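Asker: Sequence lines, in order, name chains H and X.
All residue numbers for the first sequence refer to this note's numbering, where the first residue is 523 and numbers rise by one.
All residue numbers for the second sequence refer to this note's numbering, where the first residue is 413 and numbers rise by one.
Note that beta-carbon positions come from the ideal geometry of N, C-alpha and C, so glycine has one too.
Note that this is a predicted model, so its numbers are computed, not measured.
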Amino acid sequence: AQTVTQSQPEMSVQEAETVTLSCTYDTSESDYYLFWYKQPPSRQMILVIRQEAYKQQNATENRFSVNFQKAAKSFSLKISDSQLGDAAMYFCAYRSAESSGNTPLVFGKGTRLSVIA
Amino acid sequence: SQTIHQWPATLVQPVGSPLSLECTVEGTSNPNLYWYRQAAGRGLQLLFYSVGIGQISSEVPQNLSASRPQDRQFILSSKKLLLSDSGFYLCAWSVTLARTGKNTEAFFGQGTRLTVV
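Quick look at the structure:
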């Protein structure tokens, strides 16, 4: 079974600075998706960014970008120009794409990010 | 556009009482539907998922059950709540892409905070 590990339970960053959140995963599959979700204090899960394993180019969404290292099974999230609204729990997630039909998301335990004004 | 509704937002129930949490999706047909639970300070645990009406897969044997009486409706139930059922419950949906037969990201409702007393 696939597993997702986030080794940093908590991180902090100064406003306007850059922070990187780590995620590693374990799988024997070659076709899959990786995601970062944000959970603010409201607790609604919000999709931040998506990476398809067969794409070598790292995904980018405005101030959010990933460093996807497929061989190392690493998928880190970089937040540039951090803002107070970025403070939240961040979850890394994996979904298999090798079989058709439904394959549920597998989540890491999360990293709590604090942004210091 | 697609939206997901989950209610109630908060619920306080006595031990031994029944439970019914409801989730509906609008703007899409034949979605894959999921129930996750998030215990305090922990990641998301998949409870149930459904790929169609009346089709329910259980990931964790426990005091809960799920039903899908309509295409876009997913219900989480219990006949008798336990203290350990307390937590934050999230409903989510995704679609299987017709072209590839694969799922990508999941989209989440706003969650229900359940406290069993």
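1. How big is the Cα-Cα spacing for Phe460(X) and Glu537(H)?
2. With 16 other CB atoms within 10 Å as the buried threshold, where does Ala593(H) fall?
3. Work out the CA separation of Gln561(H) and Leu494(X) for me, nearest whole Å.
4. Can you give me the Cβ contacts of Ala639(H) inside the same chain, cut-off strictly under 7 Å, excluding the 5 residues immediately before and after it?
5. May I have the straight-line CA-CA distance separating Met533(H) from Tyr612(H), to the nearest angstrom?
6. Taking Cβ positions only, does Gln566(H) come closer than 8 Å to chain X?
7. Mapping the DSSP letters down to three states, classify Gly607(H) as helix, strand or coil.
8. Are Gln573(H) and Ala581(H) close, meaning C-beta to C-beta below 8 Å?
9. Determine, using beta-carbon pairs with one atom in the region 441-449 of chain X and one in the region 500-510 of chain X, whether at least three such pairs fall under 8 Å.
10. Output yes if chain X places a C-beta closer than 8 Å to the C-beta of Gly630(H); else output no.
11. Using a beta-carbon distance below 8 Å, is Tyr501(X) in contact with chain H?
12. Is Leu495(X) helix, strand or coil by DSSP?
13. With burial defined as no fewer than 16 other Cβ atoms inside 10 Å of the residue's Cβ, what is the status of Ile568(H): buried or exposed?
14. Which two residues bound the contiguous beta strand (DSSP E) that contains Tyr446(X)?
15. Just reading off the beta strand (DSSP E) that Ala422(X) is part of, what are its end residues?
Answerer: A quick look at the data gives this:
1. Within the model, the alpha-carbon separation for Phe460(X) versus Glu537(H) is close to 39 Å.
2. Flag for Ala593(H) reads exposed.
3. So the alpha carbons of these two residues sit roughly 26 Å apart.
4. Correct list, in chain order: Glu537 and Leu606.
5. Spanning the two alpha carbons is a distance of roughly 10 Å.
6. The Cβ of Gln566(H) sits closer than 8 Å to at least one Cβ of chain X.
7. Helix.
8. Going by C-beta atoms, Gln573(H) is nearer than 8 Å to Ala581(H).
9. Below 8 Å, enough C-beta pairs join the region 441-449 of chain X and the region 500-510 of chain X to call them touching: three or more.
10. Yes, because at least one Cβ of chain X sits closer than 8 Å to the Cβ of Gly630(H).
11. Under the 8 Å criterion on CB atoms, Tyr501(X) is classed as non-interfacial with respect to chain H.
12. Correct three-state label for Leu495(X): helix.
13. Label assigned to Ile568(H): exposed.
14. Its beta strand (DSSP E) spans residues Asn444 to Gln450.
15. For the sequence presented, residue 422(X) should be read as Thr rather than Ala. Taken as a continuous stretch (DSSP letters only), the beta strand (DSSP E) holding Thr422(X) covers Thr422 to Gln425.
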